[in-house]
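Novice: Here's a structure for you.
Protein chains in written order, with my numbering: chain A, -2 to 463; chain B, 363 to 567.
Encoded structure:
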């Protein structure tokens, strides 16, 4: 009896080996790298606030230090949670998000000083509190979703949730109209929220699940025209539905940027799922056609196009809703030059809404081209990590979800920063992590949590190193 | 407390510098992603047969005449990969030869483990689940093979219609199933050698 058990033991031992070798070789190496980068990021954030105070006030006071320390503490909490529930998660995503969030808070604080806001009027204080809430949401997501494949079950539920969230601002009494766009909901007089930001996550989950289930008919059949294979007419259903959805966002919610974001997300995920360039061409033709028709028929879209194409014309500059904001942003960027005026020493408050839509112009003025490129490099690294996670994924749903979530951040950056720098018409979207706005922060930190979860599942497969 | 212009200038430039140092720090930590994993050198005296076969795999077109001689499995004579034969002919010939392979095809039911049969970790086992197994030098592969002949993302074992298939991911030195270089995803028979770099493995019950 004991003999056979002894014979069993060596046979069983190698089976458990892949797991145990990993533990032996990598004692939380990823998490230690993350902790180091996180401490550096918190240090840079603190330095940014101190520099703002030195530049704008001429002395250091402790108002925001307490809140900033609270934020650093919460980020470290998330790090500790990762040590227990996702030890193989990507070590770079969290420090990058922390740094972007912190630089954003410093810049918003700088605008507050210029406007003389303090206490609960101060956007920086609210932003810090929202950051705390967003990181708490991220921790909850990490603890609740232990494997991203759970989300695959809720494909159609999340599609439904996304549609509901998109429709919420149109509900009378609940929806709020802010500078023309009807994308906000408000309860009472203060708590306003932009449900479209959360909807982008729900949409990414829905697209990933839907495309994994149905991509065969979208990728296999079709007629070849010239060198490209075009889909059959009857397979055009999904793309037309999405096109109609984004066009209705343009018409009813009067928000060009959100429409572009959703449609672009769908196109890219469709391209990745099917590998067909014809979908991208088809989709871009549809959207550009729709946008041109909208610019002819809808006044506000026409205004946006005119501000973009003819920004420096004095008539357009002086008009109500004209290009004043855009041109002031460009002047700010020009004033910043190569190295910037220094934190707290520029005049970013001249531009309307310098802390949300135009935070990139404010940062460009005070940190200069060098600082702005550093911020863009941070976004690049963040998105590259997301693509990398998608690439390394073992299941198709995870791959699509990883690429979709990181692409949505990239596209949003492009739409906002492209708008501010006059590459594309200006649309009202938030710069991820930087801009003042609670809903955007919550959504982006949930994206961080989902990417961390995905990267942990990818690396947490049984592994063997030869 | 008033701060002089000079201090502010130094602090301002210092801040930008630290920001960029942070970015380069991340890029430095990412270097294995950008330039590939560090290669572990094979011991010179250990397993000369393995090393020479690995060499043959490393330069298949450079010595087409020598390749068949060095193949460990004499049952199959490997056509030189860079031969003048039309690619379609080669593919059908390859499929036919692998169909003759010994034993059943490995399916989700009958294959439970992947056993390393040669190379530095010969004898090690790896459990098979329903997940696909990625093989390569990158740290995020399921089966990480760190030698000179393995590409970063080399090959992939996956279940297609319940059968284990192996797909070469356009690797530099190729994936060999029973001595034949793979061109298309191919079903893997049980107990048949799959060779990647200097490592070979089999799927077993």
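For each residue, glycine too, the CB sits at the ideal point set by N, CA and C.
Can you tell me whether DSSP reads residue 507 of chain B as helix, strand or coil?
Specialist: Coil at residue 507 of chain B, not helix or strand.
Novice: Tell me whether the beta-carbon of residue 475 of chain B lies closer than 8 Å to the beta-carbon of residue 488 of chain B.
Specialist: Yes, the Cβ-Cβ distance between residue 475 of chain B and residue 488 of chain B is below 8 Å.
Novice: Could you compute how far the alpha carbon of residue 452 of chain A sits from the alpha carbon of residue 311 of chain A?
Specialist: 51 Å
Novice: Since residue 132 of chain A contacts residue 448 of chain A with CB under 8 Å, what's their CB separation in whole angstroms?
Specialist: Cβ-Cβ separation between residue 132 of chain A and residue 448 of chain A: approximately 14 Å, too far for a contact (criterion under 8 Å).
Novice: Kindly say whether residue 20 of chain A, judged by its beta-carbon, lies nearer than 8 Å to any beta-carbon of chain B.
Specialist: Low confidence applies here, because residue 20 of chain A scores a pLDDT of 46, under 50, leaving its location unreliable and the question unanswered by this model.
Novice: Thinking residue 255 of chain A and residue 180 of chain A are a contact (beta carbons under 8 Å), I'd like their distance in whole angstroms, please.
Specialist: 6 Å
Novice: Classify residue 376 of chain B: buried if its beta carbon has 16 or more other beta carbons within 10 angstroms, exposed otherwise.
Specialist: By the neighbour-count rule (16 or more Cβ atoms within 10 Å), residue 376 of chain B is not buried but exposed.
Novice: In this structure, does DSSP put residue 409 of chain A in helix, strand or coil?
Specialist: helix
Novice: Give me the Cα-Cα distance between residue 341 of chain B and residue 506 of chain B, rounded to the nearest whole angstrom.
Specialist: Here chain B has residues from 363 to 567 only, and residue 341 of chain B is not among them.
Novice: Taking the straight line between their C-alpha atoms, what separation do you get for residue 437 of chain B and residue 390 of chain A?
Specialist: Confidence at residue 437 of chain B is low in this model, with a pLDDT of 38, below 50, so the placement of that residue is unreliable and no value is reported for it.
Novice: Can you tell which of A/191, A/244, A/215 has its C-alpha closest to the C-alpha of residue 435 of chain A?
Specialist: Nearest of A/191, A/244, A/215 to residue 435 of chain A, Cα basis: A/191.
Novice: Counting along the chain, where does the alpha helix (DSSP H) carrying residue 517 of chain B start and finish?
Specialist: Residue 517 of chain B -> not in any alpha helix (DSSP H); beta strand (DSSP E) instead, spanning 517 to 522.
Novice: Please go through the same chain and pick out, in chain order, the residues whose beta-carbon is closer than 8 Å to the beta-carbon of residue 315 of chain A, but skip the five residues on each side of it.
Specialist: 321
Novice: If you measure from the beta carbon of residue 41 of chain A to each beta carbon in chain B, is any gap under 8 Å?
Specialist: yes
Novice: May I ask you to report which of helix, strand or coil DSSP gives residue 344 of chain A?
Specialist: coil
Novice: Using only CA atoms, which one of A/141, A/461, A/159 lies nearest to residue 79 of chain A?
Specialist: The residue with the shortest Cα to Cα distance from residue 79 of chain A is A/141.
Novice: Please report how far the alpha carbon of residue 374 of chain B lies from the alpha carbon of residue 150 of chain A, in whole angstroms.
Specialist: Those two C-alpha atoms are separated by around 51 Å.
Novice: What residue range is occupied by the uninterrupted beta strand (DSSP E) comprising residue 311 of chain A?
Specialist: Counting along the chain, residue 311 of chain A sits inside no beta strand (DSSP E); it lies in the alpha helix (DSSP H) bounded by residues 311 to 315.
Novice: With a threshold of 8 Å, are at least 3 pairs of Cβ atoms found where one atom belongs to the segment 284 to 303 of chain A and the other to the segment 332 to 352 of chain A?
Specialist: no
Novice: If the cut is a Cβ gap below 8 Å, which residues of chain C does residue 62 of chain A touch?
Specialist: This model lacks chain C altogether; the protein chains it does include are A and B.
Novice: Can you tell me whether DSSP reads residue 476 of chain B as helix, strand or coil?
Specialist: strand
Novice: Specify, as a first and last residue, the run of the alpha helix (DSSP H) that residue 496 of chain B falls within.
Specialist: Annotation: residue 496 of chain B is outside any alpha helix (DSSP H); the continuous beta strand (DSSP E) that includes it extends over 495 to 498.
Novice: Using a Cβ cut-off of 9 Å, pull out every chain A residue sitting near residue 483 of chain B, in sequence order please.
Specialist: 461, 462, 463
Novice: Starting from residue 561 of chain B, follow its DSSP beta bridges and name the residues at the other end.
Specialist: B/558
Novice: Comparing alpha-carbon positions, which option in A/212, A/248, A/164, A/247 lies nearest residue 236 of chain A?
Specialist: Nearest option by C-alpha distance: A/212.
Novice: Quick one: complete alpha helix (DSSP H) runs, 4+ long, within the segment 94 to 127 of chain A?
Specialist: none
Novice: Mind the definition here: the segment 325 to 333 of chain A touches the segment 357 to 365 of chain A only if three or more C-beta pairs lie below 8 Å; say whether that holds.
Specialist: yes
Novice: Could you tell me which chain B residues have their CB closer than 9 Å to the CB of residue 456 of chain A, listed as they occur along the chain?
Specialist: 501, 502
Novice: Counting contacts by CB-CB distance shorter than 8 Å, is residue 540 of chain B in contact with chain A?
Specialist: Not an interface residue.
Novice: Of the choices A/209, A/282, A/419, whose alpha-carbon is the least far from that of residue 308 of chain A?
Specialist: A/419
Novice: Could you say which of A/367, A/257, A/98, A/122 lies nearest to residue 445 of chain A if we only look at CA atoms?
Specialist: It is A/98 whose Cα lies nearest to the Cα of residue 445 of chain A.
Novice: Alpha carbon to alpha carbon, what distance is there between residue 379 of chain B and residue 152 of chain A?
Specialist: 45 Å
Novice: Could you name the residues that DSSP lists as bridge partners for residue 173 of chain A?
Specialist: A/181
Novice: Please tell me whether residue 412 of chain B has its Cβ less than 8 Å away from any Cβ of chain A.
Specialist: Because the pLDDT of residue 412 of chain B is 40, which lies under 50, any placement of that residue in the model is unreliable, and the question is left without a value.
Novice: For residue 487 of chain B, which residues does DSSP report across the bridge?
Specialist: B/477
Novice: How should residue 241 of chain A be labelled, buried or exposed, when 16 other C-beta atoms within 10 angstroms of its C-beta is the threshold for buried?
Specialist: exposed
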